[in-house]
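So the structure is just underneath, and the comments pick up after that.
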Amino acid sequence: MKNDSLKIMVLEDQPLDQELIKRTVKKAFPNAVFIVAQSKKEYLERLGWGAPDVILSDYHIPGYNGLEALLYAKEHFPFVPFLFVTGMLNDEEKAAEVILKGAHGYVLKENLSSLPPALEAVLKNNKALAAQRESLHKKENKKKILLQKLQALLEQSSDFDTKGEALSVLEELQSL
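Just so you know, we're using the working numbering here: the sequence shown kicks off at 1190 and counts up by one.
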């Protein structure tokens, strides 16, 4: 995972903080590619280019805030992990609010050394969730195909009692 190419969106208005974040992440993820946005306009524009693998965001952006950025990301890219990298989430209520709204965590800028392990944990968890979604999707497709096959077989059957009972089971299955 550490050598995978990662596309990381960084929403941060301070150039020095952008560089510190990029340098810290590059130590653990040398193949990371960064898409940097310094404002709401740039953030929305760059997200229009496609989903990143993860979003790292400050909480306070002039004319915008991290909660709005999080909600936008969750609406448009619900499976993309979102981490706050900020100096302003040491208020327990704010931290709880962003987690409840869908953030995958936060790292304080004063403790940037904890960013790589937090990022690795979030990406690992997201990969496991993606595998679960894929497995569920495959099962749903298989169920759909089997139901169609059963329906076709039943429609060709001439035993009316069996056919009627099986069709009602099929209808019940389809409603699940």
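Just so it is clear, CB atoms sit at the ideal spot from N, CA and C, and this is done for glycine as well.
- Annotation: the segment 1210 to 1279 contains the following complete segments of the alpha helix (DSSP H) (minimum length 4 residues), in chain order: 1229 to 1236, 1255 to 1265.
- If you draw a 10 Å sphere on the C-beta of Glu1201, you find 16 or more other C-beta atoms in it, and that means buried.
- Annotation for Gly1291: no beta strand (DSSP E) segment contains it, and DSSP assigns it neither H nor E.
- Excluding five sequence positions before and after Val1222, the CB atoms of its chain that fall closer than 6 angstroms to its own CB belong to Lys1196, given in chain order.
- Between Gly1255 and Val1296, the gap from beta carbon to beta carbon reaches 8 angstroms or more.
- Sequence-distant Cβ neighbours of Leu1359 in its own chain, meaning closer than 8 angstroms and more than five residues away, are Leu1336, Leu1339, Gln1340, Leu1343.
- Taking the Cβ atoms as the reference, Ala1292 lies roughly 6 angstroms from Phe1273, within the contact range of under 8 angstroms.
- Remark: C-beta atoms of Arg1235 and Ile1224 approach each other more closely than 8 angstroms.
- As DSSP reads the structure, Leu1200 sits in a beta bridge with Ala1226, Ser1246.
- Closest option to Pro1251, judged by alpha-carbon separation, among Glu1231, Lys1332, Asp1242: Glu1231.
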